[in-house]
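When we follow numbering that gives the first Met the number 0, the leftmost residue of the sequence shown carries the number 0, and every step to the right adds one.
In this text, a Cβ means the ideal position worked out from N, Cα and C, and glycines have one as well.
Before any comments, here is the structure.
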Amino acid sequence: MGTLKEGFFSRFCVISFLMLFLCSSFLLVGCGTNIFEGFVDQEESLGNLLDDASSVEDYRDILEKTSSIIESSSSSDAEKSDAFFVQAEALLGVNEVSSLDLFGELSTAADAASSNPLSVLDIDTSNVDLIKASESIASANSLGGTGSPDQNLLKGVVNTMVVVNTVQETFDVQEDGTLVQKNNESYWDSLDSLMNPAGSSSDQTLKDFSDDAFSGFNNSGSMTSEQLEEVKSVNTAITESSALYKAVKEGGVYNGKTYAGIVGDAAPTSAEVAMIEDQLSSIFKDF
């Protein structure tokens with residue numbers, strides 16, 4: 000993979016686009032000052048608290064207040080929706096996401112024309128909290144909160160981070176697209192981990208987070224058609240991985256290869272595991 004435009008994970012050059020969006024939409028400052036400024040919500044007190052937040056403890060206090068609003072029977076759906084959006088933002092604040100350090104890494108990823116962005120970008124953030132933030136945004140949407148452009152941008156950022164973190168936890172991706180597992184699992188186990196960042200008991204798969212990332216960016220109105228095509232390419236690759244996973248899990252055909260399906264805790268045959276490795280590797284290289 001010679002440039003950022005080649006290979007599957009070059010599509011993560013979309014991360015470099017976030018640098019421009021974050022610069023224009025967020026107040027990117029270091030630890031000890033407000034990490035985000037916008038996302039004005041209907042609950043003025045919460046908005047003020049976000050503007051004044053200057054520590055992890057401040058964001059934790061905001062999380063408690065949003066929980067009180069969400070759990071209150073007297074809160075309207077609109078109030079709860081706003082609280083969910085603020086909750087998502089506060090979860091990022093607790094993890095000090097979008098500090099100047101991350102901004103610098105995004106700049107480096109954008110400039111490293113001969114490097115895979117994943118080898119440059121280091122999102123030192125709990126995937127657990129990122130998933131919680133994604134779930135908060137989904138809850139806000141389910142209550143009728145379509146979100147402002149900035150809130151949709153937050154949706155794109157949060158869900159993209161989940162996708163990047165999940166891939167980084169499972170594989171090292173070389174510049175030529177070669178996959179290197181980070182553990183001694185079979186390729187089936189690695190595919191299972193990749194597709195289920197929220198755990199096997201959750202209905203959410205990596206495809207859901209990828210879909211939400213695309214819809215967030217699309218609805219934010221912040222991206223050009225070319226940039227959206229880059230995001231869609233990432234989404235397409237995750238969709239292909241999901242189709243492979245479904246064929247192996249439920250039985251079926253993916254790209255000319257037939258899988259018998261898995262019953263209970265059984266594993267695919269060794270021949271099927273070899274096919275999974277070949278097909279998953281092709282997905283990463285072809286994009």
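- Message: Does V13 come out as helix, strand or coil in the three-state DSSP assignment?
- Response: Translated into the one-based positions of the sequence shown, residue 13 becomes position 14. Its pLDDT being 45, under 50, V13 is placed unreliably by the model, and the measurement read from it follows with that caveat. Here V13 sits in helix by DSSP.
Could you check whether A259 and G250 sit closer than 8 Å to each other, using their CB atoms as the reference points?
Mapped onto the sequence shown, residue 250 falls at position 251. Mapped onto the sequence shown, residue 259 falls at position 260. Note that the C-beta distance between G250 and A259 is below 8 Å.
Just the C-alpha distance for L45 and S240, rounded to the nearest angstrom, thanks. Here residue 45 refers to the residue found at position 46 when the sequence shown is read from its first residue. Here residue 240 refers to the residue found at position 241 when the sequence shown is read from its first residue. Cα to Cα, L45 sits roughly 40 Å from S240.
Starting from T257, follow the beta strand (DSSP E) in both directions and report where the run begins and ends. Here residue 257 refers to the residue found at position 258 of the sequence shown. From DSSP, the beta strand (DSSP E) with T257 extends over 256 to 258.
*Reducing DSSP to helix, strand and coil, say where D175 ends up.*
The residue you call residue 175 lines up with position 176 of the sequence shown. Of the three classes helix, strand and coil, the one that applies to D175 here is coil, per DSSP.
Item to complete: Determine the direct distance from the alpha carbon of K248 to that of M274, and round the result to whole angstroms.
Response: Here residue 274 is taken as the residue at index 275 of the sequence shown, counted from 1. Here residue 248 is taken as the residue at index 249 of the sequence shown, counted from 1. Going by the C-alpha atoms only, they are around 14 Å apart.
- prompt: Taking buried to mean at least 16 other C-beta atoms within 10 Å of its own C-beta, is T223 buried or exposed?
  reply: Taking the sequence shown and counting its residues from 1, the one referred to as residue 223 is at position 224. Answer is exposed; the Cβ neighbour count stays below 16.
Quick check: the segment 69 to 87 against the segment 134 to 146, are at least 3 beta-carbon pairs closer than 8 Å?
Counting Cβ pairs under 8 Å, three or more are found: they touch.
Go through its chain and collect everything with a Cβ distance to I282's Cβ below 8 Å, but skip five positions before and after it. The sequence position of residue 282 within the sequence shown is 283, counting from 1. Answer for I282: F7, A236, E239, S240, L243, listed in chain order.
So what's G215 in DSSP terms, helix, strand or just coil?
For the purposes of this step, residue 215 is identified with residue 216 of the sequence shown, where counting begins at 1. Helix at G215.
In the DSSP assignment, the alpha helix (DSSP H) including V252 goes from what residue to what residue? Sequence index remark: in the sequence shown, residue 252 carries index 253 (1-based). No alpha helix (DSSP H) holds V252; the beta strand (DSSP E) holding it covers 251 to 253.
Tell me the DSSP bridge mates of F170? For the purposes of this step, residue 170 is taken as the residue at position 171 of the sequence shown. The partner list for F170 (beta bridge, DSSP) reads Q180.
Original post:
Alpha carbon to alpha carbon, what distance is there between S214 and S221?
Top reply: The residue you call residue 221 lines up with position 222 of the sequence shown. The residue you call residue 214 lines up with position 215 of the sequence shown. Cα-Cα distance, rounded: 12 Å.
Margin query: Would E78 and I68 be called neighbours here (beta carbons separated by less than 8 Å)?
Written below: Position 79 of the sequence shown, counted from the first residue, corresponds to residue 78. Position 69 of the sequence shown, counted from the first residue, corresponds to residue 68. Closer than 8 Å, so yes.
field: Integer Cβ distance of L193 from L205, believed to fall under 8 Å
entry: Translated into positions along the sequence shown, residue 193 becomes position 194. Translated into positions along the sequence shown, residue 205 becomes position 206. L193 to L205, Cβ: 6 Å. Contact.
Open item on the list: Between which residues of its own chain and D188 is the CB-CB distance below 6 Å, once the five residues before and five after are set aside?
Closed with: Taking the first residue of the sequence shown as position 1, residue 188 is located at position 189. So the list is empty, once near-sequence residues are dropped.
| request: Pick helix, strand or coil for L153, following the three-state DSSP scheme. | output: Position 154 of the sequence shown, counted from the first residue, corresponds to residue 153. Here L153 sits in helix by DSSP.
List the whole-angstrom C-beta distance separating V162 from S209, where the pair is believed to meet the contact cut-off of C-beta under 8 Å.
What you label residue 162 is simply residue 163 of the sequence shown in a count that begins at 1. What you label residue 209 is simply residue 210 of the sequence shown in a count that begins at 1. S209 and V162 do touch by the CB rule: their CB atoms are close to 5 Å apart, below 8 Å.
Go ahead and pull the three-state DSSP assignment for M222. As a first step, residue 222 is located in the sequence shown; it is residue number 223 there, counting from the start. Correct three-state label for M222: coil.
* Asked: Span of the alpha helix (DSSP H) holding G352?
  -> In the structure displayed, the chain extends from 0 to 286; residue 352 sits before or after that span and is not available.
- By how many angstroms is the C-alpha of T257 removed from the C-alpha of V96? Here residue 96 refers to the residue found at position 97 when the sequence shown is read from its first residue. Here residue 257 refers to the residue found at position 258 when the sequence shown is read from its first residue. About 43 Å.
Could you tell me which of S75, N94, P196, V156 sits nearest to G143, measuring between CA atoms?
-> In the sequence shown, counting from the first residue as 1, residue 143 sits at position 144. Taking only the C-alpha atoms, the option nearest G143 is S75.
- request: Determine the contact status of G292 and S219, defining contact as a CB-CB distance below 8 Å.
  value: Within the shown structure, residues of the chain are numbered from 0 to 286, placing residue 292 beyond reach of any answer.
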